[in-house]
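Input: a single structure, listed below in structure tokens.
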Amino acid sequence: MSGRPLDVSAAHRSFLAFDFGTRRVGVATGNTVTRGAQPLRTIADSGTARFDAIGKLIAEWQPAALVVGVPFHPDGAPHDNTERARRFARQLQGRFRLPVHEVDERYTTTEAQAQGAGDVDAASAAIILEQFLRDLP
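When we follow the numbering used here, the leftmost residue of the sequence shown carries the number 1, and every step to the right adds one.
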């Protein structure tokens with residue numbers, strides 16, 4: 001999903017990434033200069049409070065676009081959370097009017113746990129964002 005074309009020719013573009021979960025959403029930030037990402041926090045709020053917290057992060061970090069991890073089964077088949085994450089991505093785009101990009105997030109939680117992350121959800125969001133940044137031209 002993408003709202004408007006991503007201008008990758010700009011010298012510096014920043015992004016916020018989300019590891020969506022029904023109970024928690026991990027958040028990370030990164031940019032095209034370093035092509036790296038750093039975990040920010042996990043949002044445990046739901047409903048409107050969740051989007052209010054995300055809105056504050058968007059106002060603080062001023063991202064050019066948002067990135068959402070979308071889960072799949074190991075064989076690539078979708079499951080219940082696949083559509084939930086895609087719905088979350090559509091909600092972000094509708095509420096904040098920023099381009100939203102989806103990234104296959106298989107194994108990001110396992111990778112974050114293997115790295116010993118203190119905040120696994122935010123670390124997973126950073127892994128999702130690093131994957132997105134690696135794939136940019």
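Yeah, the Cβ is synthetic: ideal placement off N, Cα and C, and Gly gets one too.
By DSSP's assignment, Asp80 forms no beta bridge with any residue. Between the segment 111-128 and the segment 45-61, the count of Cβ pairs shorter than 8 Å is below three; the stretches do not touch. Judged by DSSP secondary structure, Thr34 falls outside any beta strand (DSSP E); it is assigned neither H nor E. For the 9 Å CB-CB criterion, Leu129 and Ala37 form a contact.
Under the three-pair Cβ rule at 8 Å, the segment 116-127 counts as touching the segment 21-40. Taking the CA atoms as reference points, Gly69 sits about 11 Å from Ala28. Burial check for Ala126: the Cβ neighbour count within 10 Å reaches 16 or more, so the residue is buried.
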